[in-house]
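Scroll down for the structure; my scribbles are underneath it.
In the working numbering, the protein residues as written are 2 to 308.
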């Protein structure tokens, strides 16, 4: 990989590892709707002009129905659920649970008739990854965190299904146009709820900085860097950064929010990450990955999970 490729790779490791920290800070003072609207509106404000100059939105208009489905699964539902869940969960725990997206994707692919064979290694990966989720979430299921954990698990389902929709119905839509259009649609949907739930007093500088960082850094800049990374090194090598994002999420929560770094977190991280790698490993005889024009996450998988 070139020096430029390594720089882009390192940026993506950080840019899609820190949204959980920013969300945790933002929901301290503003509503879920305000968080999602601000993030999507700022991202759309940057990406829509770029998408227009790079070819317009003809392909988007021809595929508006699957685009709406993709937007609902990738942004409308997940970003609201994540923000609501982080009112209860730590950013570290949320980031680790989202790391189970590849495992969820393999399970859903099998349930929907994917003919790809799961050998012993991939089955072992599924079991190991699910054990990691159980280790992380199990101690919290009896308390008030159970609902929030369920929300994050729903996010993993959305992040896993969205790439299937993109692969089947949105192959003709360029990635930049897809991302920009989805963010614009989401901003319009959340504009009303955000206006209705504006805080009585202006948020603190800390929260405003988190909101701006979510929209401009973790969304607009992240998508731009993502597209450059894929062009530079290809999908398979480029998407390896999704395995680093959970570690960044944990480190950010520990360093900046004082979240605990326990043996349970370390064990679950090792199990979920190891399970994801094994569950998505390809047999030598498997066909190469098909490039799909997806957003991430997020949450992946060509689509990473943009939290």
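All residues carry an ideal CB built from backbone N, CA and C; glycine is no exception.
- Within the same chain, 184, 216, 220 and 221 come within 6 Å of residue 44 by CB-CB distance, once the 5 residues on both sides are set aside.
- The region 86-100 and the region 243-251 touch, with no fewer than 3 CB-CB distances between them shorter than 8 Å.
- Contact annotation: the region 94-109 does not touch the region 184-198, with fewer than three C-beta pairs closer than 8 Å.
- Annotation for residue 85: the continuous alpha helix (DSSP H) segment containing it runs 78-86.
- In the structure shown, residue 273 adopts helical secondary structure according to DSSP, grouped into three states.
- Scanning the region 86-116 for uninterrupted alpha helix (DSSP H) segments of 4 residues or longer gives 92-99 and 102-112, listed from N- to C-terminal end.
- Within the region 192-257, the alpha helix (DSSP H) runs of at least 4 residues that lie entirely inside it are, in chain order, 206-213, 223-234 and 236-239.
- Here residue 56 is exposed. Its C-beta has fewer than 16 other C-beta atoms within 10 Å.
- Residue 58 carries a coil assignment under DSSP once its states are collapsed to helix, strand and coil.
- Taken through DSSP and simplified to helix, strand or coil, residue 188 comes out as helix.
- Rounded to the nearest whole angstrom, the C-alpha separation of residue 235 and residue 16 is 19 Å.
- When 280, 2, 18 and 48 are compared, the shortest CA-CA separation from residue 246 is found for 18.
- Taking a 10 Å sphere around the C-beta of residue 172, we find fewer than 16 other C-beta atoms and assign the residue as exposed.
- With contacts defined as CB atoms closer than 8 Å, residue 199 and residue 35 qualify as a contacting pair.
- Contact between residue 129 and residue 267 does not hold, since their C-beta atoms are separated by about 15 Å, which reaches or exceeds 8 Å.
- Pairing residue 109 with residue 5, the inter-Cα distance amounts to about 35 Å.
- DSSP places residue 154 inside the alpha helix (DSSP H), whose first and last residues are 147-170.
- The beta carbon of residue 280 sits closer than 7 Å to those of 103, 104, 107, 123, 126, 127 and 130, all from its chain and outside the five residues before and after it, given in chain order.
- Scanning the region 3-36 from its first residue to its last, the whole alpha helix (DSSP H) runs of 4-plus residues come out as 4-16 and 20-27.
- For residue 131, the enclosing alpha helix (DSSP H) begins and ends at 121-138.
- At the C-beta level, residue 175 and residue 60 come within 8 Å of one another.
- The C-beta distance from residue 51 to residue 177 rounds to 6 Å, short enough to meet the 8 Å contact threshold.
- Here residue 47 carries a helix assignment [DSSP, helix/strand/coil].
- The Cβ atoms of residue 226 and residue 9 lie closer than 8 Å to each other.
- The shortest CA-to-CA distance from residue 47 to any of 262, 231 and 182 is the one to 182.
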